[in-house]
Amino acid sequence: MSPVLAGVLQLLALIVALGLSYRPLGDHMARVYSSDKHLRVEKWIYKGIGANPSVEMRWPAYLRGVLAFSAVGVLFLYLLQRVQGALPGSLGFVSIDPDQAFNTAASFVANTNWQSYYGEQAMGHVVQTGGLAVQNFVSAAVGIAVAVALVRGFARSRTGELGNFWADLVRGVIRILLPISVVGALVLVACGAIQNFAGIHEVGQFLNEHSVGGSQQWNGGAVASQEVIKELGTNGGGYFNANSAHPFENPDPLSNLFEIYLILLIPFALTRTFGRMVGSLRQGYAILGTMAAIWLVFTGLMMWTEFAGRGPAFELAGGAMEGKETRFGIGASAIFSVATTLTSTGAVNSFHSSYTGFGGGITMLGMQLGEIAPGGVGSGLYGMLIMAIIAVFIAGLMVGRTPEYLGKKIGTRQIKFAACYILVTPALVLGFTAVAMALDTPSHSMTNSGAHGFSEILYAYTSGANNNGSAFAGLNADTQWFNTTLGIAMLLGRFLPMVFVLALAGSLAEQTPVPETAGTLRTEKPLFTGLLVGTILIVAGLTYFPALALGPLAEGLAA
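2 is the number of the first residue of the sequence shown in the working numbering; add one for each residue after it.
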């Protein structure tokens, strides 16, 4: 079987698996966030944290809950790393330095999981399982909760109430993330991923079953359980530095395909949840169609550019195999790289820095679109709905009619919130990149010069501010400058957009629905899907094209 055919067949198998899961999971999540009943374990949690899950919140109260919970998470994870050296199960690792502890705490709470450290050489079992893995669950649940609050803003009328943050948070963890993670961890263990609390041990180095001398040190860990939620929650932080390219995390092609499935599962299924909660499944299908179209085009382009490399090395390897695992090949690596950068996952099973110039550009552009195809858990849906509002506004300008979406008028207040949302991340990415390139110290962290070196820094801030977490990996990011600035970019890139999302949700929930007329734009039709795709590409293109032209485009054209 040719490598190209193998890649296409894996893509088709992935689409079938996602299609079979779409309806049951989407409907289940709609029931979870629409129910007024609480499980016994949920009641215990509410009692423990002193929350009343039956009290509805307006958007400022909902936002305060999000920010307060996340601030406590940053502080707890920071302190846990700072005292690691005194904790049991630390595997002899010392406490984490302040700047790196801040960066890691901000990263995992912001659902970014950017890692400027070697996981197997820095973090013990307590920090990995009691700190990082816990944040993988709750940061994902926060993203879903904010998305559900925006959906309620469209679904409700003449009220500013968006639900209860604490109830949404707990239900997301208990009823959605935990059950899937338990089953997923068993699958990964069956595939060969490790799950233990073993200490550090030495293993000999072998080639074709023959010793080549020397030894390596490896430590065990609860890898499978963390691996599953890192993908399911679109987090991305790996137990090992090699991330999902490491055989302990991702042993074989079957586990690799399963991990891609986990990455895309909830973001795609949330579109059905959206359609169910607003009372129109066709609206959900329109959003799904937009996400799927962008994802498929990006995947096709990535496979083409990685298979089509020219030169003797490319021809002998069957494509751009540098930096890719032979057990996965080009096709599976291309599918994984697009899935992880079009969502906010950031996990990698290959070395993005060694992709072709255009391939590296595709990974960056995927993040720069706002990671909305299908995006992160929750953040992909609310990001796409923001872009839908922008598209509706543009359509209204073209026909001279007040724009409406799902029966709600998109007036001055709503479009200001939407505009602020789409401006935050580019300002962070381009601003920090410009400052880093202008100063001497940050540029010393670049492994390469020229266009590729610029791409390393642009990729880092694109990944951080968009809460992705993947890296070109040629950049030495473990410096005070990058640990601090990337930490700030991750926090602002995560929580500033949530301010505008929840403010928008509150303004929509207060409105009285507008009756549909013959002049109403049919937002469930393919025409609107095309308009939405065009809006997304135009907004991202106008914003980032000059920066991309200096980096991956210049490198690709020079190759």
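Backbone N, C-alpha and C define an ideal beta-carbon position, used for all residues, glycine too.
Counting only runs of at least 3 residues, the stretch 319 to 356 fully encloses no beta strand (DSSP E) element at all.
Relative to the Cα of Leu271, the nearest Cα in the group Gly377, Leu497, Asn251, Leu366 belongs to Gly377.
By the neighbour-count criterion, in which a residue is buried when 16 or more other Cβ atoms sit within 10 angstroms of its Cβ, Val149 is buried. Straight through space, the alpha carbons of Leu505 and Arg414 are spaced by roughly 8 Å. Excluding sequence positions up to five before and after Glu511, its CB lies within less than 6 Å of the CB of Gly161, all in the same chain and listed in chain order. Along the stretch 29 to 53, the beta strand (DSSP E) does not occur as any fully enclosed run of 3 or more residues. Spanning the alpha carbons of Gly454 and Gly164 requires a straight line of approximately 46 Å. The C-beta distance from Gln227 to Ala134 rounds to 5 Å, short enough to fall under 8 Å.
As a beta-bridge residue in DSSP terms, Trp219 pairs with His202.
In this structure, Asp479 is the residue among Met303, Leu429, Pro375, Asp479 with its C-alpha nearest to the C-alpha of Ile97. By the neighbour-count criterion, in which 16 or more other beta carbons inside 10 Å mark a residue as buried, Lys325 falls on the buried side.
Only buried fits Arg172, as 16 or more other CB atoms lie within 10 angstroms of its CB. Judged by beta-carbon spacing, Gly144 lies within the 7 Å limit of Ser380, meaning their Cβ atoms are closer than that value. Assignment of Leu386 by DSSP, reduced to helix, strand and coil, places it in the helix class. Rounded to the nearest whole angstrom, the C-alpha separation of Gly358 and Asn484 is 26 Å.
CA-to-CA, the gap between Ile288 and Val84 works out to about 45 Å. Judged by DSSP in its simplified three-state form, Lys231 adopts helix. Ranked by Cα distance from Gly200, the first of Gly371, Gly93, Leu78, Glu556 is Gly93. The three-state reading of DSSP puts Leu476 in strand, counting E and B together. Secondary structure at Arg83: helix, using DSSP grouped into helix, strand and coil. Around the beta-carbon of His353, 16 or more other beta-carbon atoms lie within 10 Å, marking it buried. DSSP places Phe249 outside any alpha helix (DSSP H), giving it a letter other than H or E.
Taking every protein chain shown into account, the CB of Trp45 has fewer than 16 other CB atoms within 10 angstroms, so this residue is exposed. The stretch 232 to 244 makes contact with the stretch 121 to 136: 3 or more CB pairs, one atom from each, lie closer than 8 Å. The beta carbon of Met368 is closer than 7 Å to those of Thr342, Thr463, Ser464, Asn467, Asn469 in its chain, skipping five residues each way along the sequence. Taking each of Val174, Phe155, Ala437 in turn and checking the Cα distance to Val33, the smallest one comes out for Val174. With fewer than 16 other Cβ atoms from the protein chains shown falling within 10 Å of its own Cβ, His445 counts as exposed. Cβ contact annotation for Val279 (same chain, cutoff 7 Å, sequence separation greater than five): Val152, Phe155, Ala156, Leu407, in chain order.
In the three-state reduction of the DSSP assignment, Glu525 falls in the coil class, being assigned neither a helical nor a strand state. Straight across, the Cα-Cα distance linking Gly451 with Ala123 is about 32 Å.
DSSP, reduced to helix, strand and coil, places Met499 within a helical segment of the structure shown. In the three-state DSSP reduction, Glu517 falls in the coil class, being neither helix nor strand. In this structure, Ala186 and Val229 form a Cβ contact; the two beta carbons are roughly 5 Å apart against a cut-off of 8 Å. Of the candidates Gly132, Glu57, Ala246, Ala246 places its Cα closest to the Cα of Val349. Each residue's CA atom was taken as its position, placing Val110 and Val184 some 24 Å apart. When DSSP assignments are scanned along the stretch 374 to 451, the uninterrupted stretches of alpha helix (DSSP H) that are 4 or more residues long and fall wholly within it turn out to be 380 to 400, 413 to 439, 441 to 444.
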